[in-house]
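J.: Okay, so the sequence shown: first residue is 881 according to the working numbering, each after it adds one.
After the structure tokens below, expect a handful of questions from me.
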Amino acid sequence: MNVSLKKNDDAVSGIVKLEIVKDDYAGLVDKSLRSVRQKANVPGFRRGMVPMGLVKKMFGKQVLVDEVNKLVSESLFNYIRDNGLRVLGQPIPNMTEQKPLDFDKDENFEFCFDVALAPEIHIELSKEDKLPFYQVIVDDEMVNNQVQSYRENFGSYDKVEEVEEADILKGTVAELENGAPKEGGIVVEEVILRPSYLKNEEEKAKFIGAKVNTVVVFSPNKAYDGAEADIASLLKMDKENVAGIDADFSFEIKEILRHKDAELNQEFFDKIVGENAVSSEEEFRGKIKESMTEQFAPQSNFKFLTDARDMLEAKVGELKFADEVLKRWLQVANENSTREKIDEDYPRLVKDLKYQLIKDELVRRNALRATDDDIEQFAERVAKAQFAQYGMMFVPGDVLKNYATDMLKNKQTLQNVAERVIEEKLAEWLKEQVELEVKEVTADEFGKLFE
């Protein structure tokens, strides 16, 4: 077999030609035919005893086509890999140089494929290149808000005797008619109501100051301004059945619960940051600040790479692509798309492709790679951040490791984590090559940079 590449004049496309002779596939075809003979179910012959001549007559052409196609596919892939060709997309059948194939008469075959080749990229960086790097300053207000959030999340509910607006009430509601329970009317036990959620101030005021074991008469329809979803939730019925309910109801208060924030003591500190990790409120707040600062780091790197993109693309300049080959490949890869749609989307796709090639070149040139340890550590950091979102700042190492291991069992997640590791390493490498203009910003200022 002979495989060759003829580059076109544009240097970013070419034709890979595979010349196959009988000796290349004869053994494969014979082996496949013997396998077919063992399995063939032909009337008049026992399985495995069909004459080979009949097997060739019945299945020979299809086996030949299948084996030649498999040989072409494998040889094409091997040629691209062994010669280090940077092919964009996938090879597609050539439309001009491909000769007709006749599997009935020919023994030698020629296959031609168009390939789009990645353009050469040249890029040099120095300390004369400047890029901004935004560091989010975690101030006392942010720390205070986070501490308060933890206090609320880890707080408790105490039973009290008199209702305040933020309390939770438990009791029984009953539909009234002429001031008395309606015969056959709606009665719902173990109802939960929060006065603070009531939208009508007059109805809300009926509950404030009420005591345990007293009855409040109110109108759910007025209390929630006719919001069917809220009324349905209160009365534990489907939303579709709420329409038309405009009666007064009684609410017999059986229990009043009031939220109490967790106290800033050692027990609370241990729950949030780990047992004996801190021993004072000052140390605790310092730990919270450290954790919040750490959570902003990936976002700062993301913004840094976003800003670096413009500079890198400008340094590389215009790149030439095999537009027609790429568009044909896109149409083959996206069967439901039209050529008009591909033409419309192509400029954006090429812009993204250009940046991806720039990143790939920098990664390749600097041998940046994601090791198994890198991937595992990054996954554990992701797991830690996810737990932190739910107020679980301290999670034992073995729990994080097991959680990360489960995450990485998903192939797509594994690939995504590996790509993020590479991007993180690329960001760190870029920081060393250019002059960083460090800018300290508040969280609000940082958020506005993405608007």
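Note that beta-carbon positions come from the ideal geometry of N, C-alpha and C, so glycine has one too.
Given the structure is predicted, the values throughout are model-derived calculations rather than measurements.
Between the Cα of residue 1024 and the Cα atoms of 997, 1035, 1165, which residue gives the shortest distance?
T.: It is 1165 whose Cα lies nearest to the Cα of residue 1024.
J.: Do you know how far the Cα of residue 1182 is from the Cα of residue 1295?
T.: Cα-Cα distance, rounded: 18 Å.
J.: Taking just the CA atoms, how far does residue 1282 sit from residue 1056?
T.: So the alpha carbons of these two residues sit roughly 56 Å apart.
J.: Candidates 1017, 1269, 1259: which alpha carbon is nearest residue 1290's?
T.: Minimum Cα distance to residue 1290 is reached at 1259.
J.: Can the beta-carbon of residue 996 be found closer than 7 Å to that of residue 1206?
T.: Taking 7 Å as the Cβ cut-off, residue 996 and residue 1206 qualify as a contacting pair.
J.: Grab me the residues of residue 882's own chain with a C-beta within less than 7 Å of its C-beta, minus the 5 sequence neighbours each way, in chain order.
T.: 899.
J.: Report all residues from its chain with a CB closer than 6 Å to the CB of residue 988; omit the five preceding and five following residues, and keep chain order.
T.: Taken in chain order, the residues that qualify are 901.
J.: With residue 1012 as the anchor, note down where its beta strand (DSSP E) starts and where it stops.
T.: That run of the beta strand (DSSP E) goes 1010-1016.
J.: Taking 8 Å as the threshold, find out whether the stretch 1207-1227 comes into contact with the stretch 1161-1177 through three or more Cβ pairs.
T.: The stretch 1207-1227 is not in contact with the stretch 1161-1177.
J.: Does the distance from the C-beta atom of residue 999 to that of residue 1319 stay below 7 Å?
T.: Their beta carbons are not under 7 Å apart, which means residue 999 does not touch residue 1319 by this criterion.
J.: Measuring straight from C-alpha to C-alpha, what distance separates residue 1069 and residue 1331?
T.: Their backbone Cα atoms lie some 48 Å apart in a straight line.
J.: Between the Cα of residue 1201 and the Cα atoms of 929, 1001, 1009, which residue gives the shortest distance?
T.: Selected option, being the one with the closest Cα: 1001.
J.: What first and last residue would you give for the alpha helix (DSSP H) that runs through residue 1178?
T.: 1161-1196 is the span of the alpha helix (DSSP H), which, as asked, contains residue 1178.
J.: Taking only the alpha-carbon atoms, compute the straight-line gap between residue 1167 and residue 1033 and give it to the nearest angstrom.
T.: Cα to Cα, residue 1167 sits roughly 18 Å from residue 1033.
J.: Classify residue 981 as helix, strand or coil using the three-state DSSP reduction.
T.: In the structure shown, residue 981 sits in coil (DSSP, three-state: anything other than H, G, I, E or B).
J.: Would residue 1090 and residue 1048 be called neighbours here (beta carbons separated by less than 7 Å)?
T.: No, the Cβ-Cβ distance between residue 1090 and residue 1048 is not below 7 Å.
J.: My output table needs one value for residue 1152: the three-state DSSP class, helix, strand or coil.
T.: Looking at residue 1152 - three-state DSSP - the assignment turns out to be helix.
J.: Around the Cβ of residue 1270, are there at least 16 other Cβ atoms within 10 angstroms (buried) or fewer (exposed)?
T.: By the neighbour-count rule (16 or more Cβ atoms within 10 Å), residue 1270 is not buried but exposed.
J.: Check this for me: beta carbons of residue 1107 and residue 1078, under 7 Å apart or not?
T.: For residue 1107 and residue 1078, no; Cβs fall outside 7 Å.
J.: Please classify residue 1264 as buried or exposed, where buried requires at least 16 other C-beta atoms within 10 Å of its C-beta.
T.: That one is buried.
J.: Is it right to say residue 1037 is buried, meaning 16 or more other beta carbons lie within 10 angstroms of its own, or is it exposed?
T.: Classification of residue 1037: exposed, given that the 10 Å Cβ count is below 16.
J.: Can you name the residues that DSSP bridges to residue 1095?
T.: Beta-bridge pairing links residue 1095 to 1132.
J.: Would the stretch 952-971 count as touching the stretch 924-936 if we require 3 or more Cβ pairs under 8 Å?
T.: The stretch 952-971 vs the stretch 924-936: no contact.
J.: Report the residue ranges of all alpha helix (DSSP H) runs contained in full by the stretch 932-970; include only those spanning at least 4 residues, in chain order.
T.: Complete alpha helix (DSSP H) runs here, min 4: 932-962.
J.: Here's the rule: buried if 16 or more other CB atoms are within 10 angstroms of the residue's CB, otherwise exposed. What is residue 1284?
T.: Per the 10 Å Cβ criterion, buried.
J.: Compute the Euclidean distance between the alpha carbons of residue 1232 and residue 923, then round it to the nearest angstrom.
T.: In a straight line, the C-alpha of residue 1232 is about 59 Å away from that of residue 923.
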